[in-house]
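Take a look at the structure below.
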Amino acid sequence: MLNNQRRLGDTNDVDKRYLFHGTDSLDTVRGICINNFDFRLCGKKGTKYGQGAYFARDAKYSHGYTKQSVKLERYMFQASVLVGYYTTGKAKYKRPPEKPGKDHELYDSCVNKPNDPSIFILFDKTAYYPEYLIQYIDTGDEVVP
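Count the sequence shown with this note's numbering and you get residues 155 to 299, in order.
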């Protein structure tokens, strides 16, 4: 559905979100900058909701997937993600499941909780891209909005 909407230029119903993705090293950052997020390399930190690329609504959650460098720096991306129509993910999913009653029409992505999703899993490399790289040092101080 998302691909059809993009092809036809109908983007009114496309659900685009800015989500976070924590990385564990500068080398991983370079790989993402060159090749985008690669869902085929999933599984380093688990695949609870599917074998895809994981993005989070909250930066604090993605911070847990960063690793401090020798210079005390951490890296996180803010990505532009077309989440489209989503459903609850399962660890065994290698792609989103079919929509009920719609032969061969798949959901666009999977999530942890459909009513209030905070984790999004995507399996189509054309549905997301790294828009901003956030480089920071964790001082231990909590940031309050």
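All residues carry an ideal CB built from backbone N, CA and C; glycine is no exception.
None of the values given here were measured: they were computed from a predicted structure.
Problem set entry | Straight-line Cα distance separating K244 from M155 | The residue you call residue 155 lines up with position 1 of the sequence shown. The residue you call residue 244 lines up with position 90 of the sequence shown. Low per-residue confidence applies at M155: pLDDT is 44, beneath 50, and the placement is therefore not dependable, though the value from the model is reported in the following sentence. Approximately 21 Å between the Cα atoms of the pair.
Exercise. What residue does the alpha helix (DSSP H) around R184 start on, and which one ends it?
Worked result: Numbered from 1 along the sequence shown, position 30 holds the residue referred to as residue 184. In the DSSP assignment, R184 falls within the alpha helix (DSSP H) that extends over L180 to N189.
Exercise. Going by other Cβ atoms of all chains shown within 10 Å of its Cβ, with 16 needed for buried, is Y229 buried or exposed?
Worked result: As a first step, residue 229 must be located in the sequence shown, where it is residue number 75. By the 10 Å Cβ count, Y229 comes out buried.
Problem set entry | Beta-carbon proximity of S216 to L180, cut-off 8 Å | Stepping through the sequence shown from its first residue, residue 216 is reached at position 62. Stepping through the sequence shown from its first residue, residue 180 is reached at position 26. Not closer than 8 Å, so no.
Exercise. In terms of residues, what are the limits of the alpha helix (DSSP H) holding Y215?
Worked result: The count along the sequence shown starts at 1 and reaches residue 215 at position 61. Note, Y215: alpha helix (DSSP H), A213 to H217.
Problem set entry | Distance between T242 and N266 (C-alpha atoms, nearest Å) | Within the sequence shown, residue 266 is the residue found at index 112, counting from 1. Within the sequence shown, residue 242 is the residue found at index 88, counting from 1. The straight-line gap from Cα to Cα measures roughly 6 Å.
Problem set entry | Cut-off 8 Å between Cβ atoms - residues of its own chain near R211, not counting five sequence neighbours on either side | By one-based count along the sequence shown, residue 211 stands at place 57. Excluding positions up to five away in sequence, the list reads R171, L173, F174, P271, S272, I273 and F274.
Exercise. Since H258 is in the beta strand (DSSP E), which residue starts that stretch and which ends it?
Worked result: Position 104 of the sequence shown, counted from the first residue, corresponds to residue 258. Run containing H258: none; DSSP gives neither H nor E here.
Exercise. Taking C-alpha atoms, which residue in Y203, K225, C187 and S234 lies nearest to I291?
Worked result: Position 137 of the sequence shown, counted from the start, is the residue given in the question as residue 291. Checking every option, the nearest Cα to that of I291 belongs to K225.
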